[in-house]
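In the numbering used here, the protein residues as written are 2 to 985.
Ideal Cβ placement from N, Cα and C applies to all residues, glycine included.
Here's the structure we're looking at; comments come further down.
See below:
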């Protein structure tokens, strides 16, 4: 039956190409009847008021109103996006009364969720909301599928906005001159990046892109997962069948998914061949089981039918009638070689006409060039295999747009921006917002707590150590938690059937080592513990009851069914055990270097009805592999790269209906060498801080100024942080192009050693420091290195200097190796970003009291005690400061006023909460130094060296911080820090 009201509203809204217009007037013009039936919108109001989930009219208005809410460029409103004022302007132009406005506001609240953070070149605005609405066949089908899957209006709107932001920054597929944009989309680990690039693919195909190449992982398992997602949610039944009769078994021979649990019910249906419905078909060049082998029909596979043969494919009359081609290709040298070979056969003229989209999933894996630039031949770039093949693809397809997707972008932003053939995101870098319902690092770490020694709410609810004093290793407890949470899922599904689909799979991940031999031994140990656990006997039930009472009941979600006692849960334990034991073993080992190691039916989350297993593995169970239903993790694996560690956080993701049941058993003191241990929980927290700093850098430059971007990614590559000294942002071979920009060390002694050798530079530095010498008091004070009366002390002249004045001095100094001190200077320039900042500095000039001391004046100063030091490595000195000077400076900078009220007050009495310390060393290299009879020394013979300690108030985190930036080979002479930056 025809939905006349939906049809009328669809026609009216389709006519609003440039924003809202008076609805009643347009309805009167467009209605087939002489008098529209719903001129007062009463039917519309009643329909929306009574609408349930899936009502198409409400969904239509949700898309429309949300699109107007989000539009950055709205000629019809001066109000800001995402505001009540913007929505009111839309209602005014529509001519809606107060009652209808209230109904719509209730059904479609103003969209206020944070959008993506974007750094980009100026978009051409070729892909407006109106343009997208005109051609939206595949996006509309995808959107409807997501709603049927239970996505909320807010989640769909957020995906719509984020995918639109990517597509509008691609080149217009109909532009006469070829241009290939390069971009990077940064999400969170297991946060729905595939949903985003599926949305991008749908919108891009609708807009005119006719060849889509998805680089989908390095294993067939991962490639097949991606192919299935695109086939199920975008390409659809009709394009898979290609006219085959689904009721004819013989016609289905060779058609994939006939053995799939979800075929055809959960695969999108377009209700007919798209080309017959006025749209266009999608031809698959790969299938679920078959990676790219060769163009099945040779060159003809990429020959597009043209309506006007005298015009190129990208001409609108040709483009929007041509079928699209999609392939999902493994990042494998031999596979990509076949693709490149076939494209070369087709030749340049045809390829130059094809608007192409290349999506690189997990783009920091295999795609980045990891050869050492120092080993390249002069004028020639050497590339690793996959990086070189991606560069070839981009060269063969001049209209190809490259979009990388990753949750760990550090390796990608360390790519040289000056290498035009590489994959640096020169055109845009988009950071996706944290999705609603996502469990990420922030859900396992209490980042806002003020008492570092206290256990926060997130840690208390979800995190457990590997050992405890009472039981030792807690692996057996983790197994108990696994069967207990399985029983709780079954209990919840029986009391709320809507949750059952979320509990199809139930898994535990044990990740201790990268060594395959250790995996086998660990799996044997787990099986032994499992079979001795006596889960159906009194002892087992007593243990589970104690764990349920102490560890699960206190943290249960009040909004979900939870038994009041273990007695209610007990009947479900047996069924949980049965599901976990299915197939004969509760444990699956997932490792190895060949595909057959992953071709296990019990590991196929798509085709197996229920995967209830304990998975033991290493690296191959991390990047790109989604462990469905993961509830309990036992993690002890160490690594020295932040991005590698972050990818191992498989416990991050969406946990609908069982978020409160998630438990992470993680090593807090894992051996690292003979004497050192590392806290893996602390390491993940450090990564979170690194990630937040990175995203803050993006946000800093994302705001448009006068409608234009402040910078592009290539102009100011984002800074990458390192909060833990042993945990680098990425692997060493991915950081050849990384430049150390900042070392923030509050409360730590910093001692530069790269002082200049040229006489003019030495004189310049003395002249810069000379006014500071006049601030020192005439009388000496005694400073002790420790609190013991009569301990090792020293005489010194002291004075105070404002923070801005010290910055002027430091920014004007000259160095033999500027990069040696510039990272520390950067931290002082940015002091106070998120912290309290620095007020002033105590300047200490040590005085020697030995009879062998040498003193001299410089440029009319008071006599200075000269210190003899030698350069040890080229222009670099060895140690400059003396231990007693360092320790006194540290006592002052680390002290606060309370500490200064008791004990030895000599150093602490000079302390202030936001005060740093600078210790000056007038250094001479000659022995004896050249001192005139009048007691003067020429500034050309004096090195004004120093050491400093910044107060802990200089940074909010009160933790060490290192930051890196990308080197641009085309701008090698550019300064890291502008002299005087931020200083008036």
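Run through DSSP, which three-state label would residue i get?
i: residue 825; result: helix
i: residue 17; result: coil
i: residue 573; result: helix
i: residue 492; result: helix
i: residue 190; result: coil
i: residue 92; result: helix
i: residue 778; result: coil
i: residue 26; result: helix
i: residue 589; result: strand
i: residue 635; result: strand
i: residue 255; result: coil
i: residue 360; result: strand
i: residue 798; result: strand
i: residue 75; result: coil
i: residue 1; result: Lying before the first or after the last residue shown, residue 1 is absent from the chain, which here runs from 2 to 985.
i: residue 398; result: coil
i: residue 215; result: strand
i: residue 842; result: strand
Under the rule that 16 or more other beta-carbon atoms within 10 Å means buried, what is residue i, buried or exposed?
i: residue 890; result: buried
i: residue 149; result: exposed
i: residue 42; result: buried
i: residue 545; result: buried
i: residue 197; result: buried
i: residue 153; result: exposed
i: residue 795; result: buried
i: residue 126; result: exposed
i: residue 456; result: exposed
i: residue 766; result: buried
i: residue 631; result: buried
i: residue 16; result: exposed
i: residue 241; result: buried
i: residue 19; result: exposed
i: residue 277; result: exposed
i: residue 914; result: exposed
i: residue 47; result: exposed
i: residue 784; result: buried
i: residue 346; result: exposed
i: residue 673; result: exposed
Please look up how many angstroms separate the CB atoms of residue i and residue j, rounded, as I've assumed it's under 8 Å.
i: residue 629; j: residue 612; result: 7 Å
i: residue 356; j: residue 315; result: 6 Å
i: residue 799; j: residue 845; result: 5 Å
i: residue 189; j: residue 462; result: About 20 Å separates the two Cβ atoms, so there is no contact after all.
i: residue 431; j: residue 213; result: So it is not a contact: roughly 19 Å between Cβ atoms.
i: residue 534; j: residue 541; result: 6 Å
i: residue 327; j: residue 236; result: 7 Å
i: residue 162; j: residue 116; result: 5 Å
i: residue 58; j: residue 10; result: 6 Å
i: residue 341; j: residue 393; result: 5 Å
i: residue 1; j: residue 228; result: Residue 1 is absent from the structure shown; the chain starts at 2 and stops at 985.
Using a beta-carbon distance below 8 Å, is residue i in contact with chain B?
i: residue 683; result: In the structure shown, chain B cannot be found, because there is only a single protein chain.
Query raised in the report: Are the segment 257-265 and the segment 215-224 in contact at 8 Å, needing three or more beta carbon pairs?
Result: No, the segment 257-265 does not touch the segment 215-224.
Query raised in the report: Is the segment 854-867 in contact with the segment 932-947, if contact means three or more CB pairs nearer than 8 Å?
Result: Contact between the segment 854-867 and the segment 932-947 is present, with at least three C-beta pairs closer than 8 Å.
Query raised in the report: Okay, do the segment 438-445 and the segment 573-592 touch, 3+ Cβ pairs below 8 Å being the bar?
Result: Because the criterion of three Cβ pairs below 8 Å is not met, the segment 438-445 and the segment 573-592 do not touch.
Query raised in the report: What residue ranges within the segment 269-302 form continuous beta strand (DSSP E) runs of no fewer than 3 residues, ordered along the chain?
Result: Whole beta strand (DSSP E) segments, 3+ residues: 283-285.
Query raised in the report: Is there contact here, the segment 135-142 with the segment 84-91, by at least three beta-carbon pairs under 8 Å?
Result: In this structure the segment 135-142 does not lie against the segment 84-91, because fewer than three pairs of beta carbons, one per stretch, are closer than 8 Å.
Query - At least 3 beta-carbon pairs within less than 8 Å: the segment 171-182 vs the segment 390-403 - result: Touching, yes.
Report task. Just list the alpha helix (DSSP H) runs in the segment 469-547, keeping only unbroken ones of 4 residues or longer that don't cross its boundaries, in chain order. Result -> Complete alpha helix (DSSP H) runs here, min 4: 476-496 and 517-532.
Query raised in the report: At what residue ranges does the segment 298-340 contain a whole run of the alpha helix (DSSP H), taking only runs of 4 or more?
Result: Residue ranges of uninterrupted alpha helix (DSSP H) with 4 or more members, entirely inside the segment 298-340 and ordered along the chain, are 317-320.
Report task. Could you name each continuous beta strand (DSSP E) segment of 3 residues or more that falls completely within the segment 845-919, going from the start of the chain to the end? Result -> Residue ranges of uninterrupted beta strand (DSSP E) with 3 or more members, entirely inside the segment 845-919 and ordered along the chain, are 872-874.
Requested in this report: Count the C-beta pairs between the segment 104-114 and the segment 239-251 that are closer than 8 Å, then say yes if the count reaches three, no if not.
Outcome: No, the segment 104-114 is not in contact with the segment 239-251.
Report task. Pair every Cβ in the segment 769-780 with every Cβ in the segment 804-822, then say whether three or more of these pairs are closer than 8 Å. Result -> These segments touch.
Query raised in the report: Any chance the segment 656-669 sits against the segment 479-488, with 3 or more Cβ pairs inside 8 Å?
Result: Yes, the segment 656-669 touches the segment 479-488.
**Report entry** Secondary structure, alpha helix (DSSP H): runs of 4+ residues fully inside the segment 117-193
**Finding:** Here the runs fully enclosed are 130-135, 138-149 and 154-168.
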